[in-house]
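Participant:
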Amino acid sequence: MKNRPRTELKARFAEGSMPSMSDFDMLIDSTVNINDDGIEHSPARGLCLTQRNGEERRLLSFYRQGMARAWAMGLDAGGHSMAFGVAQPKGAEGQRRTEGAETAVLTLVAPGSDDLDQHAPGGVPAETPARVGVNNPRPAYELDVRGTVASSARRGVEGPQAWADSDWHTIRAGLDGCVALEVVAGTGKEGSGKYALMHAFALKMFDAKGEISYHRSHYGARRHRLELRWLQHSGRREFDLQVKVNCHYGEGVAIRYHITELWDDPLMAGCSVATHKR
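Here the numbering used here = 1-based position in the sequence shown + 83.
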């Protein structure tokens, strides 16, 4: 039934008029019904929208007047993921409007969902974390971008406190297997003439000798430089990554650093053809 504006409905039910059965139908259809429309509001749950059955998985659509394309939001059949995307334009008469995966701009996947066609190295564990996909309707990682990422800066994560006191300090402990880390570190004290900056890649496999490659800069003597080393625990597979400067910078001077993991499959489980699907 064609939608009618409120002014027309008011006119049909104005004082002295005789509304017909179709007028009452239009009035009823103009109201919201919880069961039919899937819209509910309660103090405990707020505004609740229930996705109706059908081929299209739309939950919300956003339009501008006269706009051919619109933004849409929908859930997958199992309710594990929610996607925001650009809706396909309506086809010609007799053609069904389709929503391909290519229209998904942002996809949010709930924790524990493991229905992926492609797996992270080692296969998707039973309890997977929440995932976000950008231009990717089926993200395999916490943030999975299908495209180019541009940013003015990037950084890894910090770890335990390390002092610029010429002693070795552990910055990543209990490592095992095949490890590849990127480390950026710096230290200095204003007015002291002692400054150092380091960018390094640190690789190690089990109890084999590790490799560390540097890009370093320092101000003053060479002993002001930063260094890294692998510390292998005797009789154990675990090892640590440590940092130090070769001289004491003074009391209360710390080494600032951040670390980025470059390899996420320490046992190379994802290299098995049976577990790695891409």
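We put the beta carbon where it would ideally sit given N, CA and C, even for glycine.
If you're wondering where the values come from, they're calculated on a predicted model, not measured in any experiment.
Should threonine 211 be labelled buried (16 or more other beta-carbon atoms within 10 Å of its own) or exposed?
Facilitator: buried
Participant: Going by DSSP, what residue range makes up the alpha helix (DSSP H) through leucine 33?
Facilitator: Residue 33 lies beyond the residue range present for the chain, which begins at 84 and ends at 361; the question has no answer from this structure.
Participant: If you drop the 5 nearest sequence neighbours on each side, which residues of the same chain put their C-beta closer than 8 Å to that of serine 125?
Facilitator: Excluding sequence neighbours, serine 125 sits near Cys131.
Participant: For histidine 163, which three-state DSSP category applies?
Facilitator: coil
Participant: Rounded to the nearest angstrom, what separates leucine 280 and tryptophan 154 at their Cα positions?
Facilitator: 47 Å
Participant: Give me whichever residues DSSP pairs with tryptophan 154 in a beta bridge.
Facilitator: Per DSSP, Phe145, Val169.
Participant: Inspect the beta-carbon positions of tryptophan 251 and glutamine 134 and report whether they are closer than 8 Å.
Facilitator: Cβ atoms of tryptophan 251 and glutamine 134: not closer than 8 Å.
Participant: In whole angstroms, what is the alpha-carbon distance linking valine 169 and threonine 186?
Facilitator: 5 Å
Participant: Since glutamate 321 and leucine 258 are thought to touch, with beta carbons under 8 Å apart, how far apart are those beta carbons, to the nearest angstrom?
Facilitator: 6 Å
Participant: Can you give me the start and stop residues for the alpha helix (DSSP H) that threonine 114 sits inside?
Facilitator: Counting along the chain, threonine 114 sits inside no alpha helix (DSSP H), nor does DSSP assign it H or E at all.
Participant: Taking the CB atoms as reference points, tell me whether phenylalanine 289 and glycine 260 lie closer together than 8 Å.
Facilitator: yes
Participant: Under a three-way DSSP split, which group does aspartate 248 fall into?
Facilitator: strand
Participant: Take isoleucine 342 as the anchor and find which of Glu310, Ile295, Val188, Ala268 has the nearest alpha-carbon.
Facilitator: Ala268
Participant: Go ahead and pull the three-state DSSP assignment for glycine 353.
Facilitator: helix
Participant: Go to alanine 127, then tell me how far its alpha helix (DSSP H) extends in each direction, as first and last residue.
Facilitator: For alanine 127, there is no enclosing alpha helix (DSSP H), as DSSP marks it with neither H nor E.
Participant: Quick one: what does DSSP say serine 300 is sitting in, helix, strand or coil?
Facilitator: strand
Participant: Residues in the same chain with beta-carbon distance under 6 Å from glutamate 123, minus the five sequence neighbours each way, listed in chain order, please.
Facilitator: Excluding residues within five positions, the ones whose Cβ falls inside 6 Å are Ile117, Cys131.
Participant: To the nearest angstrom, how far is the alpha carbon of proline 243 from that of glycine 129?
Facilitator: Each residue's alpha carbon lies about 42 Å from the other.
Participant: On the DSSP letters alone, give me the boundaries of the alpha helix (DSSP H) that lysine 292 sits inside.
Facilitator: No alpha helix (DSSP H) holds lysine 292; DSSP gives it neither H nor E.
Participant: Is it buried or exposed for alanine 209, if we count other Cβ within 10 angstroms and need 16 for buried?
Facilitator: At alanine 209, the pLDDT of 49 sits below 50, so the modelled position is not reliable and the matter cannot be decided from this model.
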